[in-house]
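Student:
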Amino acid sequence: MILTKTCSLTTSATAFLTPQSLLHLLQLSIDLHAQKLTQQCHSQILSNGFSQNPFLTTRLISAYATCGELTLSRLVFYSVHTKNVYLWNSFINGHVKNHQFDQAVTLFREMGRCRDDSLMPDDYTLATISKVSGELEDLVLGKLIHGKSMRIGFMSDIVVANSVMSMYSRCGELGDAMKVFDEMPHRNVGSFNVIISGCAAALGNFDSSLFGDLWNFFRRMQCEGYQADAFTVASLLPLCCDNAGR
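Note that this note's numbering has the sequence shown beginning at 634, numbered continuously upward.
Next comes the structure, spelled out in structure tokens:
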């Protein structure tokens with residue numbers, strides 16, 4: 634009912650929706666995966682002269698991508714004259730959400746070729762592409778992102794460091810993942826989950842030498858005051874069952 638009334642409001646000939654109202658409606662579109670509402674918001678953006686509003690276009694790209702409409706997302710992206718890092722992040726992440734990892738890498742490289750000196754990847758960009766590197770098991774790209782993160786000073790960011798650590802684990806370089814973990818100035822429960830799941834995956838591949846490391850990380854997690862969550866348990870439980878069956 635609410636969505637029906639909202640849709641009728643956006644299509645009303647007399648309706649003038651402010652940018653703030655459209656931002657809220659686009660967020661609703663994202664939350665509900667509402668393609669029709671997204672298209673109606675897009676129509677309002679065009680008719681009200683907001684097509685170059687950076688906040689609206691960034692969220693519109695995300696809304697279309699959430700609905701799987703990457704063609705329309707692309708149309709919006711390339712219609713924007715001045716693209717900031719948030720617009721690029723939204724477009725790249727849209728491809729990641731739709732499992733188009735190779736295209737996300739292509740867009741990241743296209744972003745790097747831009748001649749705008751103010752356009753630099755931020756922590757969100759680097760964490761996203763590091764995740765993509767892990768999904769593709771592309772160690773060369775992953776190391777490039779790690780190096781760039783170090784040069785820019787983002788390895789102190791927990792989200793970036795966790796993503797880099799996960800990338801190394803996914804690429805089978807657990808030693809490098811452990812090194813990133815040890816060098817982190819701050820950690821969270823996600824940091825421990827990444828390294829524990831990496832050790833667990835290696836044990837699943839019959840590398841029994843990591844059994845002690847895994848339980849050391851788990852004890853360290855408890856000593857540093859972090860509570861195991863569902864992800865931690867999911868990583869450890871199969872190993873406990875295997876051990877009990879021996």
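Don't be surprised by glycine CBs; every beta carbon is placed ideally from N, CA and C.
Suppose contacts are defined by Cβ-Cβ distances below 9 Å. Is G775 in contact with Y757 by that definition?
Tutor: Taking C-beta atoms as the reference points, G775 and Y757 fail to come closer than 9 Å.
Student: Report yes if the CB atom of L769 is closer than 9 Å to the CB atom of L807, and no otherwise.
Tutor: Contact: no.
Student: Please report the distance separating the alpha-carbon of N722 from that of I663.
Tutor: 16 Å
Student: For A861, which of helix, strand or coil comes out of DSSP?
Tutor: coil
Student: Near Y859, what residues of its chain come up, given a Cβ to Cβ distance below 7 Å and the 5 sequence neighbours on each side ignored?
Tutor: V822 and F825
Student: Between L693 and L659, which are expected to be in contact by the criterion C-beta below 8 Å, what is the C-beta distance as a whole number of angstroms?
Tutor: 6 Å
Student: Using the beta-carbon count (16 or more within 10 Å), is G745 buried or exposed?
Tutor: Classification of G745: exposed, given that the 10 Å Cβ count is below 16.
Student: Thinking C-alpha only, which one of L655, R820, M817 and S868 is nearest S830?
Tutor: S868
Student: Alpha helix (DSSP H) containing S782: first to last residue?
Tutor: It spans L772 to I785 - the alpha helix (DSSP H) in which S782 sits, taken as one unbroken run.
Student: What residue range is occupied by the uninterrupted alpha helix (DSSP H) comprising A698?
Tutor: P687 to T699
Student: Taking 9 Å as the threshold (C-beta atoms), are N726 and G701 in contact?
Tutor: No, these two residues do not count as a Cβ contact at 9 Å.
Student: Cα separation between L655 and F649?
Tutor: 10 Å
Student: Which of the three DSSP states is assigned to E768 in this structure?
Tutor: helix
Student: Should V765 and V738 be called a contact, given that it needs their Cβ atoms to be closer than 9 Å?
Tutor: yes
Student: Assign G682 to one of three DSSP states: helix, strand, or coil.
Tutor: coil
Student: So which of L836, S751, V827 and S799 has the shortest CA-CA distance to D862?
Tutor: V827
Student: Less than 6 Å between C-beta atoms, sequence neighbours within five positions excluded: which residues of the same chain meet that for A646?
Tutor: Its pLDDT being 48, under 50, A646 is placed unreliably in this model, and the value from its coordinates should be taken loosely. Same-chain partners within the cutoff: there are none.
Student: What is the residue span of the alpha helix (DSSP H) that L650 lies within?
Tutor: Here L650 belongs to no alpha helix (DSSP H), and DSSP marks it neither H nor E.
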